[in-house]
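Chains as they are written, first to last, in our numbering: chain A, 1 to 212; chain B, 1 to 193.
First the structure, in the form of structure tokens, and then the observations on it.
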């Protein structure tokens, strides 16, 4: 699997800092499960935290001391997971199962969606989006952030072609019109805040019915 | 010359700290734990206090973080991260609301154990601490406006939009400063040894 679309560096940095909202962090985690290059970048960016922690001026401890912590060390260190998960879609499924997946619901335009139970933070929701083979989405922009990770199939628009493992890190500036490959349905994991803003005559007619 | 000595010393220290965590994992070494605690607990406390936690909460969380170091020691891979980077990730995860923490920790645990993509090299202990040393150098020469957004994100745990609001800047400016800082870091890491 060759991945050609990655999250922006500022998104990976926020993930490494632990300051990304819950929903975006989840979709980034799913991309990391599929992308060794970004796992590597995050590890490098986490070094910033390591360096800043190492250089931090130590604070005086009051009650806490190693003796008190020792009391709680009766338990032996946790053994590692028996079978390390294989990188790829299997790991993404494992991540999704941690939060649970809702029912598939019809959304119009040959599109279905199913909510993932990641708590909404900063208005960011996580859901799976399934589009039938050959679906043409209407021209649209987003009123907030959107991360779209392809799990199955592929889509294409003005800014490139997106295959499994590819992620689109789009903000409200990007106006696009994705088209799903004719050969196979496309399933994506999406983190999104705000609603789709549809453009064009067809879009304007359909806007009231679209609940994505 | 002096600078080189300092660098060497910092790397030796990082290597020692890594082997302390390995000692906890392999033989539940309590004295290894005590010396890690002495070094890191006061620093975690100060990091969390700068992120807005009260002294009391910061201290509780620092203790909790160190207990996680003990419990999760077998997950520590010295080829992947230096001791202080790994401990930072534990403290970082504790900053998240308690209600949300458990699942989020599970997500990180799954990712942390994803099979490594390349075979591990014997000199990778040095590799991880060397990378951290490079990052530390890059941070020292970062322009102040870039360092500020990096510090607010990594130390204070602020999101990009919170940083924008705090500094009275457009979100796009915060993003581009962060992006430039990360580009410098990448550049430093890719320099020929």
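Glycine included, every Cβ here is placed at the ideal spot set by N, Cα and C.
Query	Result
Residue 23 of chain A, buried or exposed, once every other Cβ within 10 Å from all chains shown has been counted against 16	buried
Entirely enclosed alpha helix (DSSP H) segments - the stretch 57–119 of chain B, minimum 4 residues	83–95 and 98–112
Distance CB(residue 84 of chain B)-CB(residue 133 of chain B) smaller than 8 Å	no
Beta carbon proximity, residue 44 of chain B to chain C, threshold 8 Å	Absent here is chain C; the protein component of the structure consists of chains A and B.
Limits of the unbroken beta strand (DSSP E) element including residue 136 of chain A	Careful: residue 136 of chain A lies outside any beta strand (DSSP E) and carries neither H nor E.
Euclidean distance between Cα positions of residue 128 of chain A and residue 89 of chain B	28 Å
Distance cut-off 7 Å: residue 166 of chain A Cβ against heavy atoms of the ligand SAM	Summarising the ligand content, the structure contains no ligands, and the ligand SAM is consequently not present.
Cut-off 6 Å between Cβ atoms - residues of its own chain near residue 184 of chain B, not counting five sequence neighbours on either side	138
Nearest-angstrom Cα separation, counted from residue 97 of chain A out to residue 88 of chain A	15 Å
Boundaries of the beta strand (DSSP E) in which residue 157 of chain A is found, first to last residue	155–157
Three-state secondary structure assigned by DSSP to residue 169 of chain A	strand
Cut-off 7 Å between Cβ atoms - residues of its own chain near residue 120 of chain B, not counting five sequence neighbours on either side	In this prediction, residue 120 of chain B has a pLDDT of 47, which is less than 50 and means its spatial position is unreliable; nothing more can be read from the coordinates.
For residue 48 of chain B, the first and last residue of its enclosing beta strand (DSSP E)	Taken as a continuous stretch (DSSP letters only), residue 48 of chain B belongs to no beta strand (DSSP E), being part of the alpha helix (DSSP H) at 30–50.
Anticipated Cβ contact below 8 Å, residue 179 of chain B with residue 9 of chain A, distance rounded	5 Å
C-beta neighbour in chain B for residue 48 of chain A, strict 8 Å	yes
4 or more residues per run - each alpha helix (DSSP H) lying fully within the stretch 15–55 of chain A	22–34 and 36–54
Cβ-Cβ distance between residue 114 of chain A and residue 100 of chain A below 8 Å	no
Best match in B:74, B:66 and B:39 for proximity to residue 59 of chain A [C-alpha to C-alpha]	B:39
Exposure label - residue 8 of chain B; buried when at least 16 CB within 10 Å	exposed
Start-to-end residues for the beta strand (DSSP E) that takes in residue 121 of chain A	Note, residue 121 of chain A: premise wrong, no beta strand (DSSP E); not H, not E.
Residue environment, residue 54 of chain A, which counts as buried when at least 16 other CB atoms sit within 10 Å	buried
Nonlocal neighbours in the same chain, by C-beta distance under 7 Å from residue 144 of chain B, ignoring five residues either side	none
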